[in-house]
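For what it's worth, numbering that gives the first Met the number 0 labels the leading residue of the sequence shown as 0, then goes sequentially.
To keep things clear, I will list the structure first and then write my remarks on it.
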Amino acid sequence: MKRVTEEFNLMQVGLCLFREASPNKLEAFPFNFFVFPAKEVSGRIHMSFSTAHFHVENNMDFNKWISDGVPYMSQQQYVQRLQFLTPQPDAVLSPKRSPRPLTRPDDKVFVENAVKKLEEWYNDADNTEELEMPECNYFLYSALTNEIDKLSGVVRRNKDPEDRRKFVVLVKKATEEEKELMRQKEVEEKKEKLKMHSGFLRVLLLLKEHKKPIVGHNLLYDLLFFFSHFQGSLPDTLEEFKAQLGETFPEIWDTKHLSFQSKQFSDTVLGPLYEKCCENMSGISVTIPPDFPGYEQSKQHHEAGYDAYMTGVVFAKLKGDQLALEEYKNRCYLMRSLFAINLAGNDEMMEKGALVVLHGFASTVKTGDLLSIFRIDGTDVQVNIRWVDDFSAIAVTTCSSYEDAIALIDENRETKCDFCSYDEWAEKEKEILSPTGAHKTPSAVQQREADEGKQGTKRGRTSQEGLEGENSGKKKKEEALKTPER
């Protein structure tokens, strides 16, 4: 996840601000920003083929993104540039490099004429006007500034030329006090220019300053992208990321996690979830001001600003129904995992009930085959299947203990497999993955990885919760191996 967020670029950022106009009445202010790295930031554009096709199919205007996108840089990059503009009192300045010697006759004549003009101006005590040196390239610019800096009682600055490949130097006579004031003014102007070029970073700084609750849907990747592109380099460990994120956004809500934990929605994908919430808003109304056209009832799925609006409406509904419980604050849903990411502490098991790990079955087995292992007819027990890979899965039951759960397993089952407790399975897998366990027999997961090339398939088999489009694909092994103690 760290590699993906650092390698790929942001294109759109959607924000929707909500204001309580009166009790049970909210006003929504949705914004959609195209963002593109500032010119001062070096880097490359990375985009997968599938992403490019997706954007083309959704009428993405790439020219608008590049030419009109709001510039941005990370706070880390901003601070580095700010420190460069403001030298520290104890900083040791590197000696100035001498310009390369002039060899071309035309260059020598150009500099000689410019220096002659400079000396005439400098020796004229009555001439207090600012002197504009002739336009030149960087090579000649270095030679000219080297001559100017030999004079005492003058200060120079660069004029912004129309052609950025050209340089124009302005020279002015000044006392030491005047020179210091001019330097301070120039630094302040550069700081203001840097602030303008920081662009969307200013939005992050405002959110950070006011400590408003941040609400998203299935937002772990959103947080990683936001941090990586607007805060700075992602730390190496999850714990460090949690600590730094908590300083920036102390209150975070994930409507995916809230809706999943409520057990009141058969489909927790954002679009269907939003439509379901709109059917009954529990006396809460959400309106969009007239000067924000094109959002209400616009059905603009995949437009970041509209997705942010839908997420806010869902959160308002969940909060109104007392489903945004305090215990779910700062928790992020983790796709196809038994655990939720706890941004404020140790990660927690999402599912309540006894777990049975089923393993060693044939790769042709499907979800229904595994469900049929349990004799639950005539009981109030429910079983969901969470796939680990093609050869192992975790049965999540509503039983109160592992012993009660395995008592429901049919001894005459058609689907042949082994089973064990989650703790036993996780411990064995961790031993196999450890350096000292390298000699042990390959696990079902490792066997699946070895056979994957022969099968050539990617299966999205899972429980009813996993049938959502956003949850397709195989679950990463490290997600399955998390333990409650982590």
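Yeah, the Cβ is synthetic: ideal placement off N, Cα and C, and Gly gets one too.
Keep in mind that this is a model prediction, so the values were computed, not measured.
Check each candidate in the options and name the one with the smallest Cα separation from residue i.
i    : options                   : result
A353 : A394, D376, D379 and L317 : A394
K351 : L322, L333 and N383       : N383
E6   : H228, K24 and S141        : H228
G198 : L16, S399, F33 and N8     : F33
L169 : G344, Y305 and R155       : R155
D306 : A27, K116 and D123        : A27
S400 : R412, S420 and R18        : S420
V312 : F338, L269, F53 and E179  : L269
G487 : T310, E129 and E188       : With the chain represented from 0 up to 485, any question about residue 487 goes unanswered, as that position is not in the structure.
E185 : R164, A323 and D159       : D159
A339 : R412, S232 and D253       : D253
K178 : E274, D148, L200 and I372 : D148
W386 : E410, V355 and E413       : V355
R335 : E326, T378 and D388       : D388
E410 : T378, W424, I372 and D379 : I372
N23  : V285, Q381, D368 and T247 : V285
Q381 : L130, K262 and A142       : K262
T247 : T236, I213 and C276       : I213
In whole angstroms, what is the alpha-carbon distance linking residue i and residue j?
i    : j    : result
L357 : Q82  : 57 Å
K171 : E111 : 20 Å
Q360 : E430 : According to the sequence displayed, residue 360 carries Phe and not Gln. Cα to Cα, the separation comes out at about 21 Å.
F264 : L272 : 7 Å
V55  : F48  : 11 Å
T102 : V108 : 11 Å
D106 : D123 : 26 Å
I375 : D417 : 19 Å
H256 : N217 : 7 Å
K453 : T363 : Confidence is the limiting factor: at K453 the pLDDT is only 35, short of 50, which leaves the residue's position unreliable, though a coordinate-based value still follows. Approximately 13 Å, taken between the alpha carbons.
M280 : S66  : 41 Å
E426 : E402 : 19 Å
T414 : D346 : 33 Å
R18  : L25  : 6 Å
C398 : R201 : 51 Å
V132 : F61  : Here residue 132 is Met; the residue named in the question, Val, does not match the sequence. Each residue's alpha carbon lies about 41 Å from the other.
P249 : V114 : 60 Å
E278 : K190 : 50 Å
S462 : R163 : Confidence at S462 is low in this model, with a pLDDT of 32, below 50, so its placement is unreliable and no value can be given for it.
N57  : F291 : 22 Å
C135 : T50  : 44 Å
Report all residues from its chain with a CB closer than 7 Å to the CB of residue i; omit the five preceding and five following residues, and keep chain order.
i    : result
G42  : P36
Y308 : C15, A27, P29 and Y294
W64  : M10, F33 and F35
D368 : T414
K207 : T247
Could you name the residues of the same chain whose beta carbon sits closer than 6 Å to that of residue i, not counting the 5 residues immediately before and after it, in chain order?
i    : result
T456 : Only weak support exists for where T456 lies, its pLDDT of 31 falling under 50; the coordinates are left without a value.
R458 : Confidence in R458 is poor, its pLDDT being 32 and thus under 50, which makes the residue's placement unreliable; the coordinate value appears in the next sentence. Same-chain partners within the cutoff: there are none.
G13  : N31, A303, G304, D306 and A307
N329 : I251, L342 and A343
G319 : S281 and I283
L203 : F229
A173 : V154
Would residue i pass as a contact of residue j if the rule is Cβ separation under 8 Å?
i    : j    : result
F166 : Y137 : yes
P70  : H196 : yes
K316 : I283 : yes
L342 : I251 : yes
P234 : F225 : no
T396 : A404 : yes
R80  : E39  : yes
N8   : M59  : no
L84  : L193 : yes
Q74  : G231 : yes
Who are the Cβ neighbours of residue i in its own chain at under 8 Å, not counting the five residues just before and after it?
i    : result
F259 : T267, Y332, M349 and E464
S97  : N145
M0   : L219, Y220 and L223
Can you tell me which of the three DSSP states residue i falls into?
i    : result
A353 : coil
F291 : coil
L14  : strand
E129 : coil
E347 : strand
K316 : helix
Y332 : coil
N341 : strand
F33  : strand
C416 : coil
G198 : strand
K207 : helix
T144 : helix
N8   : coil
Quick check on residue i - is its C-beta less than 8 Å from some C-beta in chain B?
i  : result
N8 : Looking at the structure shown, chain B is missing, and only one protein chain is on hand.
Give a single yes or no on whether residue i has its beta carbon closer than 7 Å to a heavy atom of the ligand PLP.
i    : result
H196 : The ligand PLP is absent from the structure shown, which contains no ligands of any kind.
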